[in-house]
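Numbering follows the UniProt record's numbering, in which position 304 of the sequence shown is assigned residue number 304; successive positions increment by one, without gaps. Quick reminder that beta carbons are idealized off the backbone N, C-alpha and C, glycines included.
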Amino acid sequence: MDPRSLADLERAYGARIGVYAVATDTGATVVHRADERFAFCSTFKSLAAAAVLHRNPLSRLDERVTYGRADLAAHSPVTERHVATGMTVRQLCDAAVRYSDNTAANLLLRDLGGPRGLTTYLRGLGDRVSGLDHYEPELNRNPPGDPRDTTTPRAIAVDHRALVLGDALPAARRALLKDWLVRNTTGDRRIRAGVPRGWTVGDKTGTADWGRAHDVAVLWPPRAAPLVLAVLRPPAARSPPSPDPGAPAAPGHRWRRPCWCQPCRGPVCWTTSNDHSVASVAAGLGRSPGAPSPPCAPPPPCAAWPRPAIQRWKSSSVRQRV
């Protein structure tokens, strides 16, 4: 992938985009802002699950953890349904990785002794860069320039390579982590959307206000060695343009140009477009060197609004979450 394409992508979306990709057979890399700091958002959750797998015997995964309504954090689609019964450690790992459940992630962090416990585990992996300092949702309130609750594209990609493809976890635990990542439910519009058909993707997304849209993935092309890719995108540097400056404001999302590789063919939800900027990096990575950019249709409009309403709609605040 030509690094100039990444600079074009940044200009199109008005935001920094950090990328680190490595081909595990040749060691070839694609790097762009790979050592700059970005907020973790929810990408830490796969690392937290790995740390819990590492420090506990497999029998511990079937022990039940109880919690109350006071423990529920925003965006807890799984744990909020099981307050009365609690959940097993295995189920909490599944919920945190596959559904980005915030309460599940907090309970995993509690098992590790808090956010600093995860940082200690990462140091044991050789990661001297990443650090977690808060629980959900406070960790998403990371202001620009604050090193707390941050990682870099290179660091988080190397961590996932060690955990999913290396021997940082014993084989049985590694298989569990890989299964959760491959069956992730939150990444269909990000790296998964950009890779060629037939590729297997295991990923963990991270999202927060003002256009933060991350994805970290291990990719298995057919008949080829796996790749590891991290794409981290912080808040946009400028407000997204509205397709209709006179449109009334509506709650929820913002408008944005839908695609970096060809002119806009119509307005789309900005939240969806953030996903598309991440998918575009994966699409570029999946092309053969020198191959032309494939035609790229705009992403679908936000499913929360009927098309006519979307086309009349301006900007307001941005939704969070997975």
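Among His75, Ala74 and Gly68, whose alpha-carbon lies nearest the alpha-carbon of His82?
Residue numbering aside, residue 82 sits at position 82 when the sequence shown is read from its first letter. For the options His75, Ala74 and Gly68, the alpha carbon positioned closest to that of His82 is the one of Gly68.
Could you tell me the alpha carbon to alpha carbon distance between Leu232 and Asp62, rounded to whole angstroms?
Against the sequence shown, residue 232 aligns to sequence position 232. Against the sequence shown, residue 62 aligns to sequence position 62. So the two alpha carbons sit approximately 34 Å from each other.
Taking Leu118 as part of the alpha helix (DSSP H), name the residues at either end of that continuous run.
Your numbering for residue 118 matches position 118 in the sequence shown. Pro115 to Leu125 is the span of the alpha helix (DSSP H), which, as asked, contains Leu118.
Anticipated Cβ contact below 8 Å, Val31 with Tyr13, distance rounded
Translated into positions along the sequence shown, residue 31 becomes position 31. Translated into positions along the sequence shown, residue 13 becomes position 13. Taking the Cβ atoms as the reference, Val31 lies roughly 19 Å from Tyr13, outside the contact range of under 8 Å.
Just the C-alpha distance for Pro53 and Asp94, rounded to the nearest angstrom, thanks.
As a first step, residue 53 is located in the sequence shown; it is residue number 53 there, counting from the start. As a first step, residue 94 is located in the sequence shown; it is residue number 94 there, counting from the start. Checking the displayed sequence, the identity of residue 53 turns out to be Leu instead of Pro. Near 12 Å, if we compare the C-alpha coordinates of Asp94 and Leu53.
Does the beta-carbon distance from Thr150 to Gly166 come in below 8 Å?
Taking the sequence shown and counting its residues from 1, the one referred to as residue 150 is at position 150. Taking the sequence shown and counting its residues from 1, the one referred to as residue 166 is at position 166. Cβ atoms of Thr150 and Gly166: not closer than 8 Å.
I'd like to know whether the C-beta atoms of Pro115 and Asp133 end up nearer to each other than 8 Å.
Numbered from its first residue, the sequence shown carries residue 115 at position 115. Numbered from its first residue, the sequence shown carries residue 133 at position 133. With respect to the 8 Å criterion, Pro115 and Asp133 are classified as neighbours on the basis of their beta carbons.
What residues in its chain sit with their C-beta under 7 Å from that of Ile191, if we drop five residues either side in the sequence?
For this step, residue 191 is matched to residue 191 along the sequence shown. Hits under 7 Å: Val201, Asp203, Asp215, Ala217, Leu229, Val231, Val278, Ala279 and Ala282.
Starting from Ala23, trace the beta strand (DSSP E) both ways and give me its first and last residue.
Locating residue 23 in the sequence shown gives position 23, where the first residue counts as 1. From DSSP, the beta strand (DSSP E) with Ala23 extends over Gly18 to Ala23.
Would you list the one or two residues that DSSP bridges to Phe38?
As a first step, residue 38 is located in the sequence shown; it is residue number 38 there, counting from the start. Bridge partners of Phe38: Thr151.
In three-state DSSP terms, what is Ala213?
The residue given as residue 213 occupies position 213 in the sequence shown. In the structure shown, Ala213 adopts extended strand secondary structure according to DSSP, grouped into three states.
Less than 7 Å between C-beta atoms, sequence neighbours within five positions excluded: which residues of the same chain meet that for Gly246?
Counting from 1 along the sequence shown, the entry for residue 246 is found at position 246. Low local confidence applies: a pLDDT of 35 at Gly246 is under 50, so the model's placement there is unreliable, with the coordinate-based value given in what follows. Result list for Gly246: empty, nothing under 7 Å.
Going residue by residue through the region 138-212, where are the continuous beta strand (DSSP E) segments of at least 3 residues, counting only ones entirely within it?
Correct list: 200-208.
Short check: CB of Ala48 to CB of Ala105, under 8 Å?
On the sequence shown, residue 48 is found 48 positions in, with the first residue counted as 1. On the sequence shown, residue 105 is found 105 positions in, with the first residue counted as 1. It is a contact, given that the beta carbons lie within the stated cut-off.
Bridge-paired residues (DSSP) for Val231
Residue mapping note: residue 231 aligns to position 231 of the sequence shown, counting from 1. DSSP, once it has assigned bridges, lists Val19 and Asp215 as partnering Val231.
Opening and closing residue of the alpha helix (DSSP H) in which residue 335 lies:
Outside the shown range of the chain, which is 1 to 322, sits residue 335, and nothing can be said about it.
List the endpoints of the continuous beta strand (DSSP E) containing His134.
One-based indexing of the sequence shown puts residue 134 at position 134. Unbroken run through His134: none, as it is neither H nor E.
Under three-state DSSP, which class holds Arg64?
Within the sequence shown, numbered from 1, the residue matching residue 64 stands at position 64. DSSP places Arg64 in strand when its eight states are reduced to three.
On the three-state DSSP scale, how would you describe Thr85?
Reading the sequence shown from its first residue, position 85 is the one you call residue 85. Three-state result, Thr85: coil.
Quick check on DSSP: helix, strand or coil for residue 329?
Residue 329 lies beyond the residue range present for the chain, which begins at 1 and ends at 322; the question has no answer from this structure.
Endpoints, alpha helix (DSSP H) assigned at Arg128:
Within the sequence shown, residue 128 is the residue found at index 128, counting from 1. Note, Arg128: premise wrong, no alpha helix (DSSP H); not H, not E.
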